[in-house]
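*Asks:* Here you go, one structure.
Chains as they are written, first to last, in our numbering: chain V, 19 to 210; chain H, 3 to 203.
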């Protein structure tokens, strides 16, 4: 992880000097993570892809403003967060909350050919995540799927750490209740 | 939600200080309720992780095209405003350059540059006159001192000579007085001797 960070910093420095190939290599390291982050909060593959491209373009245009290359990840996700919420605002009808009508992500169970997890559990998780508010869902994605620290999440979503924790713990309580009936068969299956 | 003084969920997400973590760890070992709560959290996280990451449908990449590249000036300008250190350095350099230019282009002091030639000659004559006066005055004072000294020495010498003359005169008078007394005595003595011889004849 340290070597990776050092290499990222090196690529960032080269990209700042106009080395597009170095930036393409940097993108190849982060595009999957950023795409999945956006996919889980906007729940639409096409939007997630468009937003990912916009995120990396904006990141390239503003790369010289990044003072500390070691903070690249939170900085990049902050751009992604802004792009996603900008989309929320554009598509939100007057008076409605920042929620999108998500496409059905049932295909997620088979994309990547992961056969370890049963389809019903994947569907249940997708459904449970959709029941969260956008802020709660984003916090769960950043903590559980992307593995950021609370301080980094606070930086990305521009909210205090206490707010981030509150959103996450509330979301986990809801998810726990939603997924409880599904988890039991999984456990039982795992014990066999 | 949890027995220990610290939030069990903070413990689960490793967001406690080291001493708090140790206290909670000790508590969890003896508390079935908290162990169950931790199991539930772990189960929820495991269930969430059942949703796999998707592959990105289309790779993202940029081509190096001069049309889309900012110009060298724009890159330099952006780099300047993007870094406080560069901005500070450039500001200091500009300030230094301004100081150098100012020092080179500053007009010379007027008193030294614009003295008319006539005034300069008059000044030089005045200075020369004052110097001459000062020298003459010093010479006169020196000569006066010398003359005074000479007068004093002459007066002292004359006084000493007069004293010596007076002293010699007194000694001479004393000598003459003694001589006169001796002659008187000799005369009287010879008279007495001549009178006695006449009576006997």
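Glycine residues also receive a C-beta, built at the ideal position from the N, C-alpha and C atoms.
On a predicted model such as this, the values are computed, not experimentally measured, just so you know.
#1: At what residues does the alpha helix (DSSP H) containing residue 52(V) begin and finish?
#2: Is the distance from the Cβ of residue 61(V) to the Cβ of residue 44(V) below 8 Å?
#3: Our contact map puts residue 185(V) next to residue 154(V) with C-beta atoms below 8 Å; I'd like the distance itself, whole angstroms only.
#4: Can the beta-carbon of residue 88(V) be found closer than 8 Å to that of residue 27(V)?
#5: Would you mind telling me which residues of chain H sit closer than 7 Å to residue 62(V), beta carbon to beta carbon, in chain order?
#6: Using beta carbons (cut-off 8 Å, strictly below), is residue 2(H) in contact with chain V?
#7: At the level of alpha carbons, what is the spacing between residue 52(H) and residue 29(V)?
#8: Could you give the C-beta distance for residue 43(H) and residue 30(H), rounded to a whole number, given that I count them as a contact under 8 Å?
#9: Should the stretch 94–108 of chain V be called in touch with the stretch 80–96 of chain H, which here means at least 3 C-beta pairs below 8 Å?
#10: Please confirm if residue 148(V) has its CB atom under 8 Å from at least one CB of chain H.
#11: For residue 144(V), count neighbouring C-beta atoms within 10 Å of its own C-beta (all shown protein chains included) and say buried if the count is 16 or more, exposed if not.
#12: Assuming contact is defined by CB atoms lying nearer than 8 Å, are residue 173(V) and residue 96(V) in contact in what I supplied?
#13: Is the beta carbon of residue 70(V) sitting closer than 8 Å to the one on residue 39(V)?
#14: May I have the straight-line CA-CA distance separating residue 136(H) from residue 122(H), to the nearest angstrom?
#15: I'd like the list of long-range same chain contacts for residue 55(V), defined as Cβ closer than 8 Å, with 5 residues on each side in sequence excluded.
#16: Which term fits residue 35(V), buried or exposed, when burial requires 16 or more other beta carbons within 10 angstroms of its beta carbon?
#17: Determine whether the beta carbon atoms of residue 57(V) and residue 57(H) lie at a separation below 8 Å.
#18: Look up residue 28(V) in the DSSP assignment and say whether it is helix, strand or coil.
#19: Taking C-beta pairs closer than 9 Å, name the residues in chain H that residue 71(V) reaches, listed in chain order.
#20: According to DSSP, is residue 62(H) helix, strand or coil?
#21: In chain order, what residues of the stretch 40–52 of chain H put their CB closer than 9 Å to some CB of chain V?
#22: By a C-beta neighbour count over all protein chains shown, 10 Å radius and 16 as the cutoff for buried, is residue 65(V) buried or exposed?
#23: Would you say residue 194(V) faces chain H, with C-beta separation under 8 Å as the test?
#24: So, is residue 63(V) buried or exposed, given that buried needs 16 or more other C-beta atoms within 10 angstroms?
#25: Taking 8 Å as the cut-off, decide whether the C-beta atoms of residue 17(H) and residue 168(V) are in contact.
#26: Assign residue 93(V) to buried or exposed, taking buried as 16 or more other Cβ atoms, counted over all protein chains shown, within 10 Å of its Cβ.
#27: Alpha carbon to alpha carbon, what distance is there between residue 100(H) and residue 65(H)?
#28: With a threshold of 8 Å between beta-carbons, can residue 182(V) be considered close to chain H, or not?
#29: What does residue 158(V) touch in chain H if you count any residue whose Cβ is under 9 Å from its own?
#30: For the alpha helix (DSSP H) that residue 163(V) lies in, which residues bound it at each end?
#31: Counting only beta-carbon atoms, is residue 100(V) nearer than 8 Å to chain H?
#32: With the cut-off set at 8 Å, would you say residue 197(V) and residue 152(V) are in Cβ contact?
#33: Once DSSP output is grouped into helix, strand and coil, what is the label at residue 149(V)?
#34: Just to confirm my understanding: we take residue 128(V), look at its own chain, exclude 5 residues before and 5 after, and list those with CB closer than 6 Å. What are they?
#35: Excluding the 5 residues preceding and the 5 following residue 170(V) in the sequence, name in chain order all residues of the same chain whose CB lies nearer than 6 Å to its CB.
#36: Taking only runs of the beta strand (DSSP E) that begin and end inside the stretch 150–176 of chain H, which ones reach a length of at least 3 residues, in chain order?
*Replies:* Inspection of the coordinates gives the following:
#1: 38–60
#2: no
#3: 5 Å
#4: yes
#5: Those do not exist, as residue 62(V) stays about 12 Å from chain H at its closest Cβ, beyond 7 Å.
#6: Any property of residue 2(H) remains undetermined from this structure, which presents chain H solely from 3 to 203.
#7: 33 Å
#8: The pair is not a contact, with the Cβ atoms about 12 Å apart (cut-off 8 Å).
#9: no
#10: no
#11: buried
#12: yes
#13: no
#14: Here the C-alpha atom of residue 136(H) lies approximately 21 Å from the C-alpha atom of residue 122(H).
#15: 95, 98, 159, 160, 163 and 164
#16: In this structure residue 35(V) is exposed. Its beta-carbon is surrounded by fewer than 16 other beta-carbon atoms within 10 angstroms.
#17: no
#18: Of the three classes helix, strand and coil, the one that applies to residue 28(V) here is helix, per DSSP.
#19: 60 and 62
#20: coil
#21: 42, 43, 45, 46, 47, 48, 49, 50, 51 and 52
#22: buried
#23: yes
#24: buried
#25: yes
#26: buried
#27: 43 Å
#28: no
#29: 50
#30: Here residue 163(V) belongs to no alpha helix (DSSP H), and DSSP marks it neither H nor E.
#31: no
#32: no
#33: Correct three-state label for residue 149(V): coil.
#34: Any reading at residue 128(V) needs caution, since the residue's pLDDT is 38, under 50, leaving its predicted position unreliable; the model's value is listed next. So no residue of the chain qualifies.
#35: Result list for residue 170(V): 92, in chain order.
#36: none
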